[in-house]
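Quick mapping for you: the protein sequence lines, in order, are chains X and P. Our numbering puts the first residue of the first sequence at 682, with every later residue one more than the last. Our numbering puts the first residue of the second sequence at 682, with every later residue one more than the last.
Number of protein chains: 2
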Amino acid sequence: MKIYVVGIGPGSLDHMTPYAKAAIEKSDVVVGYTVYVELVREMTRGKEVLSTPMKKEVDRCKIALDAALENKTVAFVCSGDAGVYGMAGIMIQVAKDHPEVEIEVVPGITAACSGAALLGAPLIHDFSIISLSDLLTPWDLIMKRVKLAAEADMSIVLYNPKSKKRRDYIDKAVDAILEFRSPDTPSGYVKMIGREGEMTKICKLTDLKDNDDIDMFTTVFIGNSTTEIINGRIVTPRGYKNV
Amino acid sequence: MKIYVVGIGPGSLDHMTPYAKAAIEKSDVVVGYTVYVELVREMTRGKEVLSTPMKKEVDRCKIALDAALENKTVAFVCSGDAGVYGMAGIMIQVAKDHPEVEIEVVPGITAACSGAALLGAPLIHDFSIISLSDLLTPWDLIMKRVKLAAEADMSIVLYNPKSKKRRDYIDKAVDAILEFRSPDTPSGYVKMIGREGEMTKICKLTDLKDNDDIDMFTTVFIGNSTTEIINGRIVTPRGYKNV
Chain X
682 MKIYVVGIGP GSLDHMTPYA KAAIEKSDVV VGYTVYVELV REMTRGKEVL
732 STPMKKEVDR CKIALDAALE NKTVAFVCSG DAGVYGMAGI MIQVAKDHPE
782 VEIEVVPGIT AACSGAALLG APLIHDFSII SLSDLLTPWD LIMKRVKLAA
832 EADMSIVLYN PKSKKRRDYI DKAVDAILEF RSPDTPSGYV KMIGREGEMT
882 KICKLTDLKD NDDIDMFTTV FIGNSTTEII NGRIVTPRGY KNV
Chain P
682 MKIYVVGIGP GSLDHMTPYA KAAIEKSDVV VGYTVYVELV REMTRGKEVL
732 STPMKKEVDR CKIALDAALE NKTVAFVCSG DAGVYGMAGI MIQVAKDHPE
782 VEIEVVPGIT AACSGAALLG APLIHDFSII SLSDLLTPWD LIMKRVKLAA
832 EADMSIVLYN PKSKKRRDYI DKAVDAILEF RSPDTPSGYV KMIGREGEMT
882 KICKLTDLKD NDDIDMFTTV FIGNSTTEII NGRIVTPRGY KNV
């Protein structure tokens, strides 16, 4: 009667922790969005696999809960970290009336960390992670957060920067950041981290606008006022004094 | 002539990725702060190990660079993620005049993610990571960031919340956050994540003040205005609409 909510990391099994792997191996049932279950296919042999399409997050949690209530051990897989825009929270919410079901959150490497590593070191100092998806959050609040993070001179990571229905959200976010930061601020983006088609790009803040590379599988990074480019890498110094 | 800057995760090898392990195993030399080198001791057998005490970060980078320039492969280990208050940035800075030395940043699980997993799911939605250490950053800027993150209603993670010389910094940060957030805001902290003496505590925002548990090995988590406690876990909902 246990559910592991497992962050499998960016995609490549090389970046998934032994603890996450063991949690899947110990489980009777593996639940998750089809694409993520596919990424851990080699660990699911001989197990019951219950995958569901995107946007059915609550249904997926109920499937995991039902399996746990049948006294099975369940691995509920999600990409990146289970606790950063992941399924850990909603799983605990859905299981609210069943405190007898143990829920263990297994951390994984989130796109902010795996993407930053590919770009150099943009997140060495204070930073904010903000999702531009307005499916569950009012757009005004998202923009307020972007502006305040820019005013705070923190590095900024944008998840879900664009989708078919909101192609100009990243442009609006960049415009808001430009009120506080130079157009030349070292920035970059990473697509399909750890998967086939991975792409990494370092650019200026303004280059993030009207940029057809950026899509829903992209994570965007924006430096702070001290961030520089060194040998083709983005580097945010540790502090505001000389190192 | 390659340096891997390796994030070894929270401490337990179970939470270190196979890629990070392989990077250490492929290396001729392992460089790092004594405590972190000790954590990966079983991987360093037969290798040259160069450890240095705390606060000698630039020296440590120079040692790693010198070894790489002797055509050795170097693993430069740091705790958590190499790119979040880690050594990735300063290593690239120190090697600035040696573009021939390849530097690969290997991500690991940072305390925000490993700590959040132990507390439940406090970071499911937008959040800021801020260090309260003023060794390299002016205190005014740190406080500005704390206030703006609070005003933005983002969850907040505080690294380096206290040291012997700055025992009241966390208290001042909490006071600043209280201008925007309820005293009852679900909060918590985790000490010595993944190591001996690990401790996890869930409390209210005001309980973080005058709190002798909190020290330099503690990571502090503060929820946003929608964060709740469910079955003894901190949960920040995915959005501001009903799930």
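Glycine residues also receive a C-beta, built at the ideal position from the N, C-alpha and C atoms. Only a predicted model underlies this, so the values are computations on that prediction, with no experimental measurement involved.
When Cβ atoms are compared, which residues of the stretch 839 to 860 of chain X fall closer than 7 Å to chain P? none
Checking 7 Å against the spacing of the C-beta atoms, do P788 of chain X and S795 of chain P come in under that value? yes
Taking the C-alpha atoms as reference points, what is the distance between L859 of chain P and D894 of chain P? 20 Å
Starting from M697 of chain P, find everything on chain X with Cβ-Cβ shorter than 8 Å and list it in chain order. T698 and P699
Say whether chain P places a C-beta atom closer than 7 Å to the C-beta of R919 of chain X. yes
Where the beta strand (DSSP E) containing R914 of chain X begins and where it ends: R914 to V916
Determine the chain X residues that contact G764 of chain P at a beta-carbon separation under 7 Å, and present them in chain order. C794, A797, A798, A802, L804 and I805
Residues near Y766 of chain P by beta carbon distance below 7 Å, same chain, minus five either side: S812 and Y840
Tell me the rounded alpha-carbon separation between W820 of chain P and R919 of chain X. 14 Å
Counting only C-beta atoms, is A749 of chain P closer than 7 Å to chain X at any point? no
N-terminal and C-terminal residue of the alpha helix (DSSP H) that E877 of chain X is part of: Where E877 of chain X is concerned, there is no enclosing alpha helix (DSSP H), given that its DSSP letter is neither H nor E.
My assumption, with CB atoms under 8 Å, is that I784 of chain P sits in contact with I684 of chain P. Please give the rounded CB distance. 5 Å
Completely contained beta strand (DSSP E) runs for the stretch 822 to 899 of chain X, where each covers 3 or more residues: 836 to 840, 867 to 872 and 880 to 885
With a cut-off of 8 Å, do at least 3 Cβ pairs link the stretch 754 to 773 of chain P to the stretch 746 to 756 of chain X? no
Enumerate, from N- to C-terminal direction, the unbroken alpha helix (DSSP H) stretches of 4 or more residues contained entirely within the stretch 726 to 797 of chain X. 738 to 750 and 769 to 775
Can you confirm whether L829 of chain X, when its beta carbon is compared against all beta carbons of chain P, has any partner nearer than 7 Å? yes
Should N905 of chain P be flagged as near chain X, meaning a C-beta pair shorter than 7 Å? no
How long is the line joining the alpha carbons of S836 of chain P and H806 of chain P, rounded to whole angstroms? 7 Å
Inter-residue CB distance, I773 of chain P and I883 of chain X (contact presumed, cutoff 8 Å): About 13 Å; that fails the 8 Å criterion.
Closer than 7 Å, CB to CB, is K872 of chain P near chain X or not? no
Take the Cβ of K845 of chain X as the centre, count every other Cβ of all protein chains shown within 10 Å, and call the residue buried at 16 or more, exposed below. exposed
CA-CA distance, Y714 of chain X and S732 of chain X? 5 Å
Using DSSP bridges, identify the partner residues of I911 of chain X. X:R914
Extract the residue ranges of the alpha helix (DSSP H) inside the stretch 688 to 732 of chain X, only unbroken runs of 4 or more that lie entirely within it. 699 to 707 and 715 to 720
Using a Cβ-Cβ distance cut-off of 7 Å, determine whether R726 of chain P contacts chain X. no
Quick one: which chain X residues come within Cβ less than 8 Å of L816 of chain P? G920
Closest by CA to K872 of chain X, which one among X:V712, X:V710, X:L799 and X:G913? X:L799
Contacts of I911 of chain X in chain P (Cβ-Cβ under 8 Å): I773, Q774 and K777
Close beta carbons around K828 of chain X, own chain, < 6 Å, minus the five adjacent residues each side: A857
By the criterion of Cβ-Cβ separation under 9 Å, what are the contact partners of V786 of chain P in chain X? A797, A798, L799, L800, G801, A802 and R914
Chain X partners of P734 of chain P, CB-CB under 8 Å? Simply none; closest approach about 17 Å.
Looking only at C-alpha atoms, which of X:G688, X:T917, X:G904 and X:P699 sits nearest to T791 of chain X? X:G688
Whole angstroms is fine: what's the gap from E909 of chain X's alpha carbon to P867 of chain X's? 6 Å
Any chain P beta carbon closer than 7 Å to R833 of chain X: The identity of residue 833 of chain X in the sequence shown is Ala, whereas the question assumes Arg. It does: the Cβ of A833 of chain X has a partner Cβ on chain P nearer than 7 Å.
Check whether the Cβ atoms of G904 of chain X and P842 of chain X sit closer than 7 Å, and answer yes or no. no
Establish whether the CB of A756 of chain X and some CB of chain P are separated by less than 7 Å. no
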